[in-house]
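Engineer: One structure coming up, written as structure tokens, with questions to follow.
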Amino acid sequence: MVKRTSFEGDACPIARSLEAIGDWWSLLIIREALFGLRRFGEFQSKLGMAKNILAARLRALVDHGILETAPASDGSAYSEYLLTPKGRGTFPILVALRQWSEAFDDHPEEIATILVDREKGRPVRKLELRAEDGRLLAPDDTALKPRRSSKMVGRSRSG
1 MVKRTSFEGD ACPIARSLEA IGDWWSLLII REALFGLRRF GEFQSKLGMA KNILAARLRA
61 LVDHGILETA PASDGSAYSE YLLTPKGRGT FPILVALRQW SEAFDDHPEE IATILVDREK
121 GRPVRKLELR AEDGRLLAPD DTALKPRRSS KMVGRSRSG
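This is the structure in structure tokens:
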């Protein structure tokens, strides 16, 4: 088996994020946890993952502080996987991926659901990147600059 490169110590925050949540199984596990799944069997049934892959991904998400384990809420001997604040912080990432797919998918009519505001039942507005003064920003309106205290550690200076 080939060991993949780790980006854990990379200076790029995108690479560092991908180290924790960058594979598609992990993102789908987080998606299901956001919708209330908690048990190994629920994740396995909903996602159709092999048990060994699911176990490895859940362990990695716990190790990265995205999920935590807790005794089952029904008092049984099982454990549950709960999102931490860091895990709940992935919500805008998943919404951005969803909205990107809705905009650019080759067959958007095949997307079975829409994301709505639970209280009003209305579709969620598209995410936007705005400057501190409220201006809408496009990629050309942004740049990267070093932090004052930045110690350029790792392999990358981008992202």
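Numbering (this note's numbering), first residue to last: 1 to 159. Where is the CB? At the ideal position from N, CA and C, for every residue including glycine. Since this is a predicted model, take the numbers as computed values, not measurements.
Taking only the alpha-carbon atoms, compute the straight-line gap between residue 74 and residue 55 and give it to the nearest angstrom.
Structural biologist: Locating residue 74 in the sequence shown gives position 74, counting from the first residue. Locating residue 55 in the sequence shown gives position 55, counting from the first residue. Computed Cα separation, rounded: 22 Å.
Engineer: Return yes when at least one heavy atom of the ligand ATP lies under 6 Å from the C-beta of residue 50, else no.
Structural biologist: No copy of the ligand ATP occurs in the structure displayed, which carries no ligand at all.
Engineer: Who does residue 113 pair with in a DSSP beta bridge?
Structural biologist: Position 113 of the sequence shown, counted from the first residue, corresponds to residue 113. Answer is none; residue 113 lacks a bridge partner.
Engineer: Whose C-beta lies closer than 7 Å to the C-beta of residue 108 among residues of the same chain, with five residues either side of it excluded?
Structural biologist: The count along the sequence shown starts at 1 and reaches residue 108 at position 108. Hits under 7 Å: 102.
Engineer: For the segment 77-128, list the alpha helix (DSSP H) runs that are entirely contained and at least 4 residues long, ordered along the chain.
Structural biologist: Segments of the alpha helix (DSSP H) lying fully in the segment 77-128: 85-88 and 91-104.
Engineer: Quick one, which of 81, 122 and 71 has its alpha-carbon nearest residue 42's?
Structural biologist: On the sequence shown, position 42 is the one that residue 42 refers to. Measuring from the Cα of residue 42, the nearest candidate turns out to be 81.
Engineer: Whole angstroms is fine: what's the gap from residue 57's alpha carbon to residue 90's?
Structural biologist: As a working note, residue 57 is residue 57 in the sequence shown. As a working note, residue 90 is residue 90 in the sequence shown. Looking at the two C-alpha atoms, the distance is approximately 16 Å.
Engineer: Along the chain, where does the alpha helix (DSSP H) containing residue 13 start, and where does it finish?
Structural biologist: Residue 13 sits at position 13 when you count from the first residue of the sequence shown. Taken as a continuous stretch (DSSP letters only), the alpha helix (DSSP H) holding residue 13 covers 13-21.
Engineer: To the nearest angstrom, report how far apart residue 96 and residue 115 are at their CA atoms.
Structural biologist: Position 96 of the sequence shown holds residue 96. Position 115 of the sequence shown holds residue 115. For residue 96 and residue 115, the distance between alpha carbons rounds to 11 Å.
Engineer: Leaving aside the five residues before and after residue 51 along the sequence, list all residues of the same chain whose C-beta is less than 7 Å from its C-beta, in chain order.
Structural biologist: Reading the sequence shown from its first residue, position 51 is the one you call residue 51. Contacts found: 44.
Engineer: Give the DSSP bridge partners of residue 71, in chain order.
Structural biologist: As a first step, residue 71 must be located in the sequence shown, where it is residue number 71. Looking at the DSSP assignment, residue 71 forms a beta bridge with 79.
Engineer: By Cβ distance below 7 Å, which residues in the same chain neighbour residue 131 in space, the five residues on each side in sequence not counted?
Structural biologist: The sequence position of residue 131 within the sequence shown is 131, counting from 1. Closer than 7 Å at the Cβ level, and outside the excluded window around residue 131, lie 137.
Engineer: Output the boundary residues of the alpha helix (DSSP H) element that contains residue 59.
Structural biologist: Position 59 of the sequence shown, counted from the first residue, corresponds to residue 59. Per DSSP, residue 59 belongs to the alpha helix (DSSP H) from 51-63.
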